[in-house]
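Enquirer:
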Amino acid sequence: MKLKGQHLLSVKDINLDLINELFDVADKMRPYAQRQKVTRVLEGALLGNMFFEPSTRTRVSFGCAFNLLGGEVRETTGLSNSALAKGESLFDTAQVLSGYSDIIAMRHPDAGSVAEFSQGSRVPVINGGDGPNEHPTQALLDLFTVHKELARLNKDISDLSLTLLGDLKHGRTVHSLCQLLGLYKGLKIQLISPQALEMPSKYVDILTNAGHEVVIGHKLEEGLPQANIIYQTRIQEERFASQEEANRYRGYFRLNKQVYSDHCQPGAVIMHPLPRDSRNEANELDNDLNAEPGLAIFRQTDNGILVRMALFACILGVEDQVARYERPVNWYAGLSNEPK
Ligand code: NCD
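Set out below in structure tokens:
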């Protein structure tokens, strides 16, 4: 498979054939992710998991995915804890750390930083988010979730009517997702944001050039009735010039049970890359939706493990050997690991 030995820096590196192959591998990871079986296919391999920006699920799921394949994880978090704070270049850091790892996952606050790092790396580098630029693994797990959720509704990707909601200007997850959606044809995409936080035109162009029907709007209700999948996002406060400016948009679009039953299709799917901002002044995705079967946010995070396992297996070239290194689980694997 073409991912073998490659960096994954941008979704631009990915085509539809690669996506389909990757998703087939991801499906095969389910028994290991759900602890029905153990595989040791990456025993002895080391992941350098380097997160220079806050992260919970991306960092932990990269680590878990690698552990679930039998590999070991070495973690570095926070710029101030690394020699980058002493003025070391990304190139030098990469030269050093790639001597200690078989593969590196990295998140950094600056756009283009992970690509710069990869130039000094002797091992494959996966972009875990570079500032407002890209988040390719999130986009892949989001697309995987879109496929699974549409299948749950007895639909397929050609039926997709997707509404992206919130801070579309700074959200790297939606920037990467739009590029992947550009690989398909004839979808319906609604882009709903405050006027000042519209999707950058280069991503809108990708969607329109793919022949998608694109609607741009600024009112929550405009994007809800026609959507079978709604993708809510957080106001990316860390990307604004000032906190006051970010505060202006906090709580601008609130999705709750009332709004959902008044404006959305019955059973409409709700996604969110998470974290959802649950502070009162934001509450962009209310807890009163938690029991709604359409709320897919935790199915989405579970899918993150499958997709990241598949990426590690394919990039390290072991995707066909996973079952050869498997054995049964010999501990109590509790209900928490069952699919939701
Ligand atoms: C997103 C990110 O970091 O870009 N989170 C994630 O990786 N799941 C979205 C966000 O922080 O709002």
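Residue numbers are given in numbering that gives the first Met the number 0: position 253 of the sequence shown equals residue 252, and the series is strictly consecutive.
We treat Cβ as the ideally placed atom computed from N, Cα and C, and that holds for glycine.
Please read all numbers here as calculations on a predicted model, not as lab measurements.
1) Output needed for L139: all residues of its chain with C-beta closer than 8 Å, excluding positions within five of it in sequence on either side, in chain order.
2) According to DSSP, L45 sits in a beta bridge with which residue or residues?
3) Would F65 be called buried (16 or more neighbouring beta carbons within 10 Å of its own) or exposed?
4) What's the C-alpha gap between N255 and G43?
5) Put R106 into one of helix, strand or coil per three-state DSSP.
6) Starting from L190, follow the beta strand (DSSP E) in both directions and report where the run begins and ends.
7) For the beta strand (DSSP E) that P135 lies in, which residues bound it at each end?
8) Cβ of S54 within 7 Å of any heavy atom in the ligand NCD?
9) Any heavy atom of the ligand NCD within a distance shorter than 7 Å of the CB on R171?
10) Where do the N-terminal and C-terminal ends of the beta strand (DSSP E) with T162 fall, by residue?
11) As a quick exercise: from R121, R151, Q225, V113, pick the residue whose alpha carbon is nearest that of G4.
12) Out of E52, D16, G70, which one is the CA nearest neighbour of M308?
13) Could you check which residue in T76, S60, L45 has the C-alpha nearest to that of E52?
14) How many angstroms separate the CA atom of P265 from the CA atom of A93?
15) Output the boundary residues of the alpha helix (DSSP H) element that contains D129.
16) For the alpha helix (DSSP H) that I228 lies in, which residues bound it at each end?
17) How is I18 classed by DSSP in three states: helix, strand or coil?
Expert: Based on what the coordinates show:
1) Mapped onto the sequence shown, residue 139 falls at position 140. For L139, where only same-chain residues beyond five positions count, the Cβ hits under 8 Å are V10, I13, I18, L21, L179, V306, L310.
2) Locating residue 45 in the sequence shown gives position 46, where the first residue counts as 1. Its beta-bridge partners are E71.
3) Your numbering for residue 65 matches position 66 in the sequence shown. The residue is buried, with at least 16 neighbouring Cβ atoms inside 10 Å.
4) The sequence position of residue 255 within the sequence shown is 256, counting from 1. The sequence position of residue 43 within the sequence shown is 44, counting from 1. One C-alpha to the other measures close to 47 Å.
5) On the sequence shown, residue 106 is found 107 positions in, with the first residue counted as 1. In the three-state reduction of the DSSP assignment, R106 falls in the strand class.
6) As a first step, residue 190 must be located in the sequence shown, where it is residue number 191. L190 -> beta strand (DSSP E) spans 187-191.
7) As a working note, residue 135 is residue 136 in the sequence shown. Counting along the chain, P135 falls outside any beta strand (DSSP E), though it belongs to the alpha helix (DSSP H) covering 135-151.
8) Counted from its first residue, the sequence shown places residue 54 at position 55. Yes.
9) To locate residue 171, count along the sequence shown from 1; it is residue 172. Because some heavy atom of the ligand NCD lies under 7 Å away, the Cβ of R171 counts as near it: yes.
10) As a working mapping, residue 162 is identified with position 163 in the sequence shown. 160-164 is the extent of the beta strand (DSSP E) around T162.
11) As a first step, residue 4 must be located in the sequence shown, where it is residue number 5. The option with the nearest alpha carbon to G4 is R121.
12) As a position in the sequence shown, residue 308 is number 309, starting the count at 1. Of E52, D16, G70, the residue nearest in Cα terms is G70.
13) Start at 1 with the first residue of the sequence shown, and residue 52 comes out as number 53. Of T76, S60, L45, the residue nearest in Cα terms is T76.
14) As a first step, residue 265 must be located in the sequence shown, where it is residue number 266. As a first step, residue 93 must be located in the sequence shown, where it is residue number 94. Taking the straight line from one Cα to the other gives about 49 Å.
15) Within the sequence shown, the letter at position 130 stands for residue 129. From DSSP, D129 is part of no alpha helix (DSSP H) but of the beta strand (DSSP E) over 124-129.
16) Numbered from its first residue, the sequence shown carries residue 228 at position 229. It is not in any alpha helix (DSSP H) - I228 instead sits in the beta strand (DSSP E) that spans 228-231.
17) For this step, residue 18 is matched to residue 19 along the sequence shown. Reduced to three states, the DSSP call for I18 is helix.
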